[in-house]
Each structure stands twice: as structure tokens, then as C-alpha cells.
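S.K.: Provided herewith is a single structure, encoded as C-alpha cells, for subsequent inquiry.
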Amino acid sequence: MKTLLDKLEKEHILSLEEYEILLKSREEDLRQILFEKADRTRRQYYGRDIYVRGLIEFTNYCKNNCYYCGIRAGNTKAQRYRLTEEEILSCCDRGYGLGYRTFVLQGGEDVFFTPKKMADLICQIKERYSDCALTLSIGEHSREVYKMWKEAGADRYLLRHETADKEHYRKLHPKEMLLENRKQCLYDLKELGYQVGCGFMVGSPAQTYECLAKDLKFIESFQPHMVGIGPFISHKDTPFADKENGSVELTLRLLALVRLIVPNVLLPATTALGTLRDNGRELGILAGANVCMPNLSPECARENYMLYDKKLSTGEESAEEIENLRKKMKKIGYNVVVHRGDCK
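Numbering (our numbering), first residue to last: 308 to 651.
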């Protein structure tokens, strides 16, 4: 196993079969060796800096019916909301005062927010906070729409591919949603000059080690700027309500492998990790992650943006939340920084 890890650290590429071997391995010392290599690789690019992004969950309306998602269109029990333009700008203003220099607008594919409305909103945010990066995470759109938003000032785009296995994708999504379309969006975004993030859930229903190996091979070939990985967590009002949650340990292993595959990647320690394990975000950092995304959304949004059950929400004001995050990161030897934190 160490030979495979040495090869990955040096060449950043393995075969599907070799990735499967690493994912299946139960060797006791593999975890420590892998995490040490991931940490060393991350420090070569980012030192001990942990970037924070101000997350704004601005709508939980969505036209899609992904089987795993709590804000799917078919969930009639969801308490729907949309933040107004003024509320979104207020979130940015509060975040800017706390030192945030990256904002993440995240929401479902809400037809109310037309491409033009989003472009106008992007323009306003970038005019007010010209020294900030703006990340969008609002699903699949045409190349023309992505181009409009890029020209309006958007810098980054997060679009999890969810799985690189076509058959597995069909088991997670309704038939009108296609993996080919999702991948084409990612290619369009990258060609248009965005810093692009893909990613997947760990332990989603019907996922196999072969599926995960394909995810790693896709990341290897696509070379994203960001990768979002978190454990699958079920939601009681979805078709996957009775499915078992994903493994924290396997998620950590995958974070470390992604760090070795794309050494300069921006890699979040996700909220889902913190939901399943009290110190989940700290464990994610120790496994090679270098980004955290505290929530700037109003309380009503935090309560109702439920992609999965029991989502971590501290209920704290943003100032207190980021201070607590600083203390937690300092305790494990890392420093929270609040500048743009672009991919190096």
C-alpha cells in the first residue's frame, strides 16, 4: 500500500484498480501514512492556512427531484423560502465586516431567479465588494447563462458531479437528469474561465468502491480547482429516508486521496462531516482539507435549507461562529484566514 501512496504522491495518477485497492485496504498504518502525505502536500501550497467562505443559502426552491435531497421539488413538507435581494446584500455586508472576502451563493435550481436576475445580483455584489470573490452553487444551466454570469463578475462555480458512474447516477436522479449533461456543464464552466468545483457524496445508495474509484479518475482527468466531498446523510422526506448514512472514515480517506491527486486543490471540510462527528471538520482539515464555510444566512434560512436531516447549525451569530472556528483550528495547529483564498 505504501508503494501505491508513494506513486500517487509523486505522479498524482493511479489506475482504477489501484484506487480500489487503496479504498478497500484495512491496513492499520495506511490511514496515518495517507494523512501525513496529504498534510505535507497541502502545506507545500497553502501552509497551515485555512480559508473561510461566507455561505449564503438564498433559496430552497428547486425544480429538480434528486432522490437524496431534502429540498427536492417533490418534498411537499419542506418550508420554502427565498431571500430578497436586500437580505442577500445584508448577508454580504455583515460578512464583509467580519473579514470574509469570498461569498458563496448556494440554492436550488429556482426558476424565480432568472439568469437576468442572477446577473443583476452578481453585478451588485461585485460592485459593492470588488475585492471579494463570488462563488455560485446553483446547478445546471446552459453555457450562455454561465457566460452571462461570468461577465457579470462571478469568479467560481461549485457543481458536484455526484458520481462519475452512469448507472449509479441513474439510481440517484430522475430519468430527465443525465450525467453527460452534468459533466458538460463542468467543462463549459472551466472553458469560460471559472474556478470550478466538482464533488460527490460518500456512501450514497448503491455506491460501490468501483464507483468511488471512477470519481477519483474523473477528478484526476478534469483537474478541478475545488472538490466538495461529504458523507451521504439521509433525509426523512425523500425516497432514501431509510438508507444508511455514509462513513466519516471513508470520507476522510477520500479527502486525503483527492489532495494527492490535485495537490493545489481547494478542499472543504464540509458541514456534513461536522454533522456526523462533533469534530468532523477538524478531522477533515487533518486529512488534507483547507477550506471551511461558516453560514452567513439568516436563521430562517439555516432552519429550512435542509438537504439532509440534522444538518449542523450552531445557531450562533457569525462573529461568534468564526471566532469559535479560529479556536478549534488553532487547537489542531492551523490558522483561519479571511482573504479571497484563490486556488494556487
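Backbone N, C-alpha and C fix where the C-beta goes; we use that ideal spot for every residue, glycine too.
Of the residues Lys550, Glu589, Arg338, Gln530, which one's Cα is nearest the Cα of Ile568?
M.R.: Sequence index remark: in the sequence shown, residue 568 carries index 261 (1-based). Among Lys550, Glu589, Arg338, Gln530, the Cα nearest to that of Ile568 belongs to Gln530.
S.K.: Within 10 angstroms of the Cβ of Ser449, are there 16 or more other Cβ atoms? Answer buried if so, exposed if not.
M.R.: The residue you call residue 449 lines up with position 142 of the sequence shown. Result: exposed.
S.K.: Sorry if obvious, but does the Cβ on Gln339 come closer than 8 Å to a heavy atom of the ligand MN?
M.R.: What this structure holds is no ligand at all, so the ligand MN is not there to describe.
S.K.: Among Ile320, Glu392, Leu312, Leu311, which residue has its Cα nearest to the Cα of Ser528?
M.R.: For the purposes of this step, residue 528 is taken as the residue at position 221 of the sequence shown. Out of Ile320, Glu392, Leu312, Leu311, Ile320 has the C-alpha closest to the C-alpha of Ser528.
S.K.: Can Leu590 and Asn552 be called in contact, C-beta distance under 9 Å?
M.R.: For this step, residue 590 is matched to residue 283 along the sequence shown. For this step, residue 552 is matched to residue 245 along the sequence shown. With contacts defined by Cβ atoms closer than 9 Å, Leu590 and Asn552 do not form a contacting pair.
S.K.: By a C-beta neighbour count over all protein chains shown, 10 Å radius and 16 as the cutoff for buried, is Asp438 buried or exposed?
M.R.: The residue labelled residue 438 in the question sits at position 131 within the sequence shown. When all chains shown are included, Asp438 counts as exposed.
S.K.: Give the straight-line distance between the Cα atoms of Lys455 and Asp427, rounded to the nearest whole angstrom.
M.R.: The sequence position of residue 455 within the sequence shown is 148, counting from 1. The sequence position of residue 427 within the sequence shown is 120, counting from 1. Before going further, note that residue 455 is Met rather than Lys in the sequence given. Going by the C-alpha atoms only, they are around 10 Å apart.
S.K.: Can you round the beta-carbon distance between Leu479 and Ser444 to whole angstroms, since I take them to be within the 8 Å contact cut?
M.R.: Within the sequence shown, the letter at position 172 stands for residue 479. Within the sequence shown, the letter at position 137 stands for residue 444. Contact flag wrong, Cβ pair sits at about 18 Å.
S.K.: Count the CB pairs spanning the region 562–581 and the region 371–387 that are closer than 8 Å, and state whether there are at least three.
M.R.: no
S.K.: Of all the options Lys482, Glu447, Tyr453, which has the alpha carbon lying nearest to the alpha carbon of His468?
M.R.: As a working mapping, residue 468 is identified with position 161 in the sequence shown. Comparing Cα positions, the closest option is Glu447.
S.K.: Kindly indicate which three-state DSSP category Ile568 falls into: helix, strand or coil?
M.R.: Position 261 of the sequence shown, counted from the start, is the residue given in the question as residue 568. Residue state, collapsed to three classes: helix.
S.K.: Give every residue of the same chain whose Cβ lies closer than 8 Å to the Cβ of Phe419, excluding the five residues on either side of it in the sequence, and list them in chain order.
M.R.: Position 112 of the sequence shown, counted from the first residue, corresponds to residue 419. Cβ within range, chain order: Thr366, Tyr368, Arg389.
S.K.: Which residues in the same chain as Ser380 place their Cβ atom closer than 7 Å to its Cβ, once the five residues preceding and following it in sequence are excluded?
M.R.: The count along the sequence shown starts at 1 and reaches residue 380 at position 73. For clarity, residue 380 is Ala in the given sequence; the question names Ser instead. Result list for Ala380: Cys369, Lys370, Asn371, Asn372, in chain order.
S.K.: Checking 9 Å against the spacing of the C-beta atoms, do Asp356 and Asn597 come in under that value?
M.R.: The count along the sequence shown starts at 1 and reaches residue 356 at position 49. The count along the sequence shown starts at 1 and reaches residue 597 at position 290. It is a contact, given that the beta carbons lie within the stated cut-off.
S.K.: Using three-state DSSP, classify Ala548 as helix, strand or coil.
M.R.: The count along the sequence shown starts at 1 and reaches residue 548 at position 241. Looking at Ala548 - three-state DSSP - the assignment turns out to be coil, as it is neither helix nor strand.
S.K.: Quick one: what does DSSP say Asp356 is sitting in, helix, strand or coil?
M.R.: Walking along the sequence shown from the start, residue 356 turns up at place 49. Three-state DSSP puts Asp356 in a strand.
S.K.: Output needed for Thr577: all residues of its chain with C-beta closer than 6 Å, excluding positions within five of it in sequence on either side, in chain order.
M.R.: Taking the sequence shown and counting its residues from 1, one reaches residue 577 at position 270. Only Gly537 meet the Cβ criterion.
S.K.: Assign Gly361 to one of three DSSP states: helix, strand, or coil.
M.R.: Taking the first residue of the sequence shown as position 1, residue 361 is located at position 54. Note: Gly361 maps to strand in three-state DSSP.
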